[in-house]
Amino acid sequence: MAVIGVLLQPVQPPSKPIMMMPSVVSMTLTTPSCASRTACTGPTFSKINWRSTSAILRWSRRRAFNPTLYRGCMTRVVLLDLLVERPAFGQGGNAEIMAHFAPAECLLLTPQLENRESYRSEWESNGVTYRRIDVPESIIDLEPDAVICSGSKANVSMWEPWMDDAARVLQQAVSANIPVLGICFGHQLLCKALGGEVERSSKRTDSVSPLFSVGMDTLLSPTRKGLFTHQDHVTRLPPGARRIISAKHCENAGMRIAGKPVWGVQFHPEASRAVIDQAHADGDMDDAEFEAFEPEHDGGKLLAAFAKLCMP
């Protein structure tokens, strides 16, 4: 699939610190991503250089980060970074997820940007070197220990062409028995990719809601509260999926594919207090949402449990 490719440099916007800190993720390689948010938040003092996926892997091997040899001490995570344009929920959310994996190598994929030619002039004026690259045909070529799909401003119920590529990544990971976690949009996309159904509700939900266990699962069952912000719902689980948790407004709030390390959750476990506060400060969340998200939730426990399961 054709995507934007960059190698993440220590780029910092003038007014805000970069969210993905080296102390959280020992090394971050972004194959097709502008994950430093350079293209979305204005001028920066540094440039990002593009690298193809194969070039990044060759560079990694020269730096002694061979996927095979390095696996014993670092977890490789492929993260479909579908909120790259949102500094708090995007980059901040990524940091919250990856904090549980450290030390880790995180490969960020942004298939939603593959046709955004209209952004090119803005990126180039901000010092972003732009070039299309091809991701390996199979996600298995990247030898990940885990695949995570984030939330998105897009909607599965309003299908867009780039979602075909994202769905294919998830299908490949599931077929290869690679641990997978779908979050919000990622949960819906995962279910749709595996044969489930997603429909749009007439009402949007923004709340921290109690979760009810309807099945036993070591990863999902202990989670008692979740932060929800969505309007699409999984209305039919895919074949082989088991409903694990529900919420009052959301029947399929959490599921697992039977016999596989594959989970999907409709809520946002990565939405920590720091992420919420940053989103509100950035103007990316209004006062009503900020108030709705004031109650605490325990999504961090879920992320920690998933990371522990994936570590070599």
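Under the numbering used here, the residues of the sequence shown are numbered 29 to 340, in order. Positions of the beta carbon are idealized from the N, C-alpha and C atoms, including for glycine. Note that this is a predicted model, so its numbers are computed, not measured.
Does residue i come out as helix, strand or coil in the three-state DSSP assignment?
i, result
"M244", "coil"
"D315", "helix"
"V290", "strand"
"E124", "helix"
"L255", "strand"
"S235", "strand"
"C177", "strand"
"A195", "helix"
"L330", "helix"
"H325", "coil"
"L170", "helix"
"V202", "helix"
"F295", "coil"
Go ahead and label residue i buried or exposed: buried means 16 or more other beta carbons lie within 10 angstroms of its beta carbon, across all protein chains shown.
i, result
"A286", "exposed"
"P115", "buried"
"P139", "buried"
"T246", "exposed"
"G327", "buried"
"M244", "exposed"
"M191", "buried"
"E322", "exposed"
"N122", "buried"
"A63", "Low confidence applies here, because A63 scores a pLDDT of 34, under 50, leaving its location unreliable and the question unanswered by this model."
"R284", "buried"
"G311", "exposed"
"F117", "buried"
"A174", "buried"
"R104", "buried"
"E124", "buried"
Along the beta strand (DSSP E) that carries residue i, what are the first and last residues, could you check?
i, result
"V105", "103-108"
"M283", "278-285"
"R270", "269-275"
"G210", "208-211"
"L137", "132-137"
Rounded to whole angstroms, what's the CA-CA distance from residue i to residue j? Just pull it up for me.
i, j, result
"G210", "V112", "16 Å"
"E319", "D169", "44 Å"
"G224", "V262", "7 Å"
"F213", "Q119", "16 Å"
"M102", "I176", "17 Å"
"L337", "P266", "23 Å"
"M186", "L198", "19 Å"
"L108", "Q306", "22 Å"
"F129", "M339", "7 Å"
"K253", "S203", "30 Å"
"E188", "A127", "31 Å"
"S279", "P250", "The residue asked about is misnamed: residue 279 is Glu in this sequence, not Ser. Answer to the nearest angstrom: the Cα atoms are 17 Å apart."
"D234", "L218", "22 Å"
"K276", "L239", "8 Å"
"M313", "H258", "14 Å"
"R301", "A335", "20 Å"
"P131", "I272", "30 Å"
"F256", "K231", "13 Å"
"H215", "A309", "27 Å"
Would you please state the rounded distance, in angstroms, between the beta carbons of residue i and residue j? I believe it to be under 8 Å.
i, j, result
"A195", "A221", "4 Å"
"P172", "P289", "The Cβ separation is near 12 Å, so there is no contact."
"E298", "L331", "7 Å"
"G282", "G292", "7 Å"
"L137", "V184", "So it is not a contact: roughly 17 Å between Cβ atoms."
What are the start and end residues of the alpha helix (DSSP H) that includes residue i?
i, result
"G224", "Note, G224: premise wrong, no alpha helix (DSSP H); not H, not E."
"V303", "301-309"
"L265", "No alpha helix (DSSP H) contains L265, which DSSP labels as neither H nor E."
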